[in-house]
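Accompanying notes for the structure given below.
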Ligand code: GS8
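Residue numbers (the numbering used here): 5 to 222.
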């Protein structure tokens, strides 16, 4: 069986979400670099894979997908085993909670941590620009409120969807990997013991360690 393909540069946080899923299930895959610096993500070949001109795109034979959370779900369904089912598909209630917290990650967490990532990481590291500290401050305050909800949840269950590790937890890793080094964000995590322990358990997973080692170290 030909390996599935992930089209994206290594730095892409959305692509990292997909790669983490592939590593967690132990699937074979091929990474195909897309050179965003030269606008390759807007080329006709890439637009045929992702009509929004974004990364990642994904291919499994004739099936071509975009949107990292949808690709992640596909990977986790396709390669699930009795040992690894990060969507908790055997339980109607458990899988519903995975869906809930995946939505929270996409629409509550990413919405506020994304601007911090852009301002504090992308602008200085990739464009040589200056961080707008006001954006970082405002979104850190909002992130604190989101993390208060996480702290309450994680004081009741070990992981977000319940007492089992799931895609809902994993999906938080890529952007947090970078943004946790921003002092305001580090302080928010440090002040919430359950969130801190949850993050440390995420970081200690072998698949996460392997993928983290491939990411730029800053
Ligand atoms: C977001 C993809 C995205 O923002 C997903 O796949 O989850 N909801 C989508 N990709 C960024 C790079 S960060 O991984 C991207 O392609 N930006 C370039 C652009 O928008 O032109």
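All C-beta atoms, glycine included, are put in the ideal place defined by N, C-alpha and C.
| query | result |
| --- | --- |
| Per DSSP, cross-strand counterpart(s) of residue 64 | 67 |
| Residue 111, buried or exposed, once every other Cβ within 10 Å from all chains shown has been counted against 16 | exposed |
| Any 3 or more C-beta pairs closer than 8 Å across the region 163-176 and the region 93-105 | yes |
| Paired residues, beta bridge with residue 36 - DSSP | 11 |
| Within 8 Å, strictly: CB atoms of residue 116 and residue 150 | yes |
| heavy atom of the ligand GS8 below 7 Å from residue 59 C-beta | yes |
| Collapsed DSSP secondary structure at residue 88 in the structure displayed | coil |
| Contacting residues, own chain, Cβ-Cβ under 7 Å from residue 218 (five flanking each side not counted) | 14 |
| Neighbourhood of residue 79 by C-beta, 7 Å cutoff - its chain only, sequence neighbours within 5 removed | 22, 25, 26, 29 and 31 |
| Beta-carbon separation (whole angstroms), residue 189 vs residue 147, contact threshold 8 Å | 7 Å |
| Candidates 220, 41, 180 and 211, of which the one nearest residue 203 by Cα | 180 |
| Rounded separation between residue 46 and residue 56 - CA only | 8 Å |
| Test: residue 37 CB closer than 8 Å to a CB of chain C | Absent from the structure is chain C; it holds one protein chain and no more. |
| Euclidean distance between Cα positions of residue 144 and residue 154 | 15 Å |
| Residue 149 in three-state terms, based on DSSP | helix |
| Same chain, Cβ closer than 7 Å to residue 139, neighbours up to 5 away in sequence not counted | 119 and 123 |
| Anticipated Cβ contact below 8 Å, residue 81 with residue 68, distance rounded | About 17 Å; that fails the 8 Å criterion. |
| Proximity below 8 Å, CB of residue 206 to CB of residue 199 | no |
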